[in-house]
Every structure is written in C-alpha cells, then in structure tokens.
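Here's the structure, in structure tokens; my notes come after.
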Amino acid sequence: MIDSMNKITTIAVLAGTTRVQRESIKAARYVAEFGSKLPAVKTILVDPVDFEFDGDGNDPEGKDPRYTTITEQADAFFIVVPEYNHSFPGSLKRMLDSELKNYIHKPVAFAGVSNGGWGGVRAVESLVPAVREMGLVATFAPLYFPRIQNMFEDNGSLKAEFSEMYERNLKNAYRELLWLSHALKWGREHVDQMLDAPVL
198 MIDSMNKITT IAVLAGTTRV QRESIKAARY VAEFGSKLPA VKTILVDPVD
248 FEFDGDGNDP EGKDPRYTTI TEQADAFFIV VPEYNHSFPG SLKRMLDSEL
298 KNYIHKPVAF AGVSNGGWGG VRAVESLVPA VREMGLVATF APLYFPRIQN
348 MFEDNGSLKA EFSEMYERNL KNAYRELLWL SHALKWGREH VDQMLDAPVL
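In my numbering, the protein residues as written are 198 to 397.
Structure follows, in structure tokens:
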C-alpha cells in the first residue's frame, strides 16, 4: 500500500455543461489546476464541448473513444456541476451515461456551482444517486461556488478574497478523494482475488 501512494494518481475533472454562457467552466478549470499542483497527482480537464456523444444512454455507437480512454486511465473523478432547475444538466448525464464499467469502484468528488446563494447544492444532491448507480463511490466533502459570476477575474483566476477559503476547502476535498482513490485502487487490485479464492 505504501508503494501505491508514490504512484501518480490520475483524476478526471468533469465540467458539467455545454452552455455557451456558462460560468461554471471557470470553477472546473480552477479545480483541475489546483489538483495538478498536488504531489503525485495528474488532472485531466474534461470539457463536454470537446466531445461528441450520439445515440442515447450507453449505446456503443454513442461513445466518444477519447472519453472512454480518459475514464479507463482515471483513478478518480471530480465533477464540477452547475445547478439547472434544482438539478444537473442533461449534457453531463449524457456524458456520464456513455461509460459504466470504467467507473466501478472508483471515487468521485463534487463541486456545485450556481449564480445564487446555494452554490449548486441541489445539483450535487440530485447527482449522487445517479453516480452511485453507475458504480462510483461518492466522497463526503463537496465544494460549493455560490454566485459564481462574482468569484472570478476576467482572466479566469479566483478573486483574492476567496483564495484562502477555497484553497483550504479544495485541499480537504482532494485529500478525501485521494484517500478513497488509494483505498479503492488497492481493493480493485486485490479484493476480487481474495473473494474468488476457494474457501478452505
């Protein structure tokens, strides 16, 4: 287990919407950039605008092979989801639905985003049952970006007055995600073999 802690952990940071006027992409970029600075962590920002998903649900012909490869490589996921009408965007659900087997027994953290004061909490609450059905394991340290339109500079950087709090909260969120990532990776590599061993 100690050896696995020294290996690179790949985290896919999923942006949650394709809307042209989206503000949440700033939060997604911030989350991905923050994670990339952590020791032994590699983040991949997944912007659904850059992918093509056809068909419906988990249709094989509806997959984008680039997203398939990312989900295969990822040890963990961090979803940055804006709240639309008390829930999450259909574009995020469509992207998530295109892969299932590559999520099983991998952890996922959440950051909610909204232009109001709740910070996307209802989007995160709506998303948790869906990702659980997909086989992902949810962390218990979500992050929220309320009034997102006021939080970032024009160049995309987080405003100075928010930096200390969000650096602290993101550090905690990533710590929990990494903890689960290492534990579940060990489980995927060892537990099935242990459970399949003949009973003496």
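Note that the Cβ used here is the ideal one computed from N, Cα and C, for glycine as well.
Just tell me which of the options has its CA closest to the CA of residue i.
{"i": "L297", "options": "V388, P236 and T266", "result": "T266"}
{"i": "E358", "options": "M348, D294 and N366", "result": "M348"}
{"i": "A225", "options": "F342, A380 and L381", "result": "F342"}
{"i": "L355", "options": "K223, I208, I276 and I241", "result": "K223"}
{"i": "F275", "options": "A327, R291 and A370", "result": "A370"}
{"i": "M292", "options": "G213, F231 and V321", "result": "G213"}
{"i": "Y227", "options": "W383, R263 and N366", "result": "N366"}
{"i": "S284", "options": "V321, E386 and G259", "result": "V321"}
{"i": "K290", "options": "G384, A306, K382 and S323", "result": "S323"}
Measuring only the C-alpha atoms, how far is residue i from residue j?
{"i": "S233", "j": "V210", "result": "10 angstroms"}
{"i": "G332", "j": "W315", "result": "27 angstroms"}
{"i": "S221", "j": "E330", "result": "25 angstroms"}
{"i": "N312", "j": "D272", "result": "31 angstroms"}
{"i": "L375", "j": "N282", "result": "31 angstroms"}
Should residue i go down as buried or exposed, given a rule of 16 or more other Cβ atoms within 10 Å for buried?
{"i": "G353", "result": "exposed"}
{"i": "V278", "result": "buried"}
{"i": "K204", "result": "exposed"}
{"i": "I208", "result": "buried"}
{"i": "S378", "result": "buried"}
{"i": "M198", "result": "Here the model assigns M198 a pLDDT of 43, short of 50, so the residue's position is not dependable, and the following value carries that caveat. Result: exposed."}
{"i": "I345", "result": "buried"}
Who are residue i's beta bridge partners in DSSP?
{"i": "G332", "result": "According to DSSP, G332 bridges with nothing at all."}
{"i": "A308", "result": "V277 and L340"}
Touching by the beta-carbon criterion (3+ pairs, under 8 angstroms), the segment 237-250 and the segment 315-327: no
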